[in-house]
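Protein chains in written order, with the working numbering: chain A, 26 to 145; chain B, 0 to 109. Even for Gly, the Cβ is constructed at its ideal location relative to N, Cα and C.
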Amino acid sequence: QLQVQESGPGLVKPSETLSLTCTVSGGSISSTEHYWGWIRQPPGQGLEWIAIIRYNGQTYYSPSLKSRVAISVDTPKNQISLSLHSVTATDTAVYHCARQIDYHWYFDLWGRGTLVTVSS
Amino acid sequence: QSALTQPASVSGSPGQSITISCTGTTSDVGTYNYVSWYQQYSGKAPKLIIYDVTNRPSGVSDRFSGSKSGNTASLTISGLQAEDEADYYCSSMRSFISVVFGGGTKLTVL
Chain A
26 QLQVQESGPG LVKPSETLSL TCTVSGGSIS STEHYWGWIR QPPGQGLEWI
76 AIIRYNGQTY YSPSLKSRVA ISVDTPKNQI SLSLHSVTAT DTAVYHCARQ
126 IDYHWYFDLW GRGTLVTVSS
Chain B
0 QSALTQPASV SGSPGQSITI SCTGTTSDVG TYNYVSWYQQ YSGKAPKLII
50 YDVTNRPSGV SDRFSGSKSG NTASLTISGL QAEDEADYYC SSMRSFISVV
100 FGGGTKLTVL
């Protein structure tokens, strides 16, 4: 059964870089039908789309976060990674990894998410 | 980027039907038939319940249905059950190649 699992530090200092990894198990990340991406959810708030990437490195970014975000893929390890630079307290959120269906723009498989707190 | 507009909360009694609206613009909901809906229980990952405006994934109850008119999409839950109490989010493709979510609606089953 295909699963995704997020990992990374739970605490990041302001102005530093948040780095997260998503590991896909039970299947291959190298699918022509899917993108893999990140969505975040600040405590008690709604969902925000961050970025997606395909196995071949094709990427799309949220216009509001594009200047601070980088997403990458490591197909041998079946992983995708997220880097968010110059973080502030407003970046505190649960970060979910998810699979997006190409050409249909919905997420059919989600990880439970990992809470990242930005604080000194 | 501004989120799609959803009511903050809706409520209904068991057996009733409720509808949650999701209002966007001509840059997203009004142009693309790529509206999806997610159900989220507290502390859990979101679950896809509707995709491409009206389609249900395998295993999702047929009590959930979706529709769209103009810039507004809607999720209807019929035969409301206690287990439907959760947060619901809409989502749409937005020009130029991005995804936008709604602010979320908390459903309370009375």
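- Cβ atoms of Y131(A) and S90(B) come within 8 Å of each other, at about 7 Å.
- For G51(A), the closest Cβ of chain B is not nearer than 7 Å.
- Contact between the stretch 118-131 of chain A and the stretch 43-58 of chain A is present: three or more C-beta pairs spanning the two stretches fall below 8 Å.
- The beta carbon of K38(A) sits closer than 7 Å to those of S145, all from its chain and outside the five residues before and after it, given in chain order.
- Contact check for T71(B) against S12(B) fails: the beta carbons are separated by 7 Å or more.
- Note: V34(B) is bridge-paired with S91(B) in the DSSP secondary-structure output.
- In the three-state reduction of the DSSP assignment, A81(B) falls in the helix class, which pools H, G and I.
- Interface with chain B (7 Å Cβ-Cβ cutoff): G71(A) is included.
- Among the CB atoms of chain A, none fall inside 7 Å of the CB of F63(B).
- D133(A) carries a strand assignment under DSSP once its states are collapsed to helix, strand and coil.
- The straight-line gap separating the alpha-carbon atoms of R62(B) and Y88(B) is approximately 17 Å.
- Chain B places no beta carbon closer than 7 Å to that of Y80(A), leaving this residue out of the contacts.
- Here S106(A) is not near S92(A), since their CB atoms are 7 Å or more apart.
- In this structure, T42(A) lies away from S87(A), with their beta-carbon atoms at least 7 Å apart.
- Beta-bridge partners of G11(B) (DSSP): V108(B).
- Taking a cut-off of 8 Å on C-beta distances, the stretch 96-104 of chain B touches the stretch 72-80 of chain A, as three or more cross pairs fall below it.
- In the assembly as shown, G136(A) is a buried residue. Its beta-carbon has 16 or more other beta-carbons within 10 Å.
- At least one C-beta of chain B is nearer than 7 Å to the C-beta of S87(A).
- Exposure of D99(A) is indicated by the presence of fewer than 16 other C-beta atoms within 10 angstroms of its C-beta.
- The residues Y37, Q39, in chain order, have a CB closer than 6 Å to that of P45(B) in the same chain once the five nearest residues on each side in sequence are set aside.
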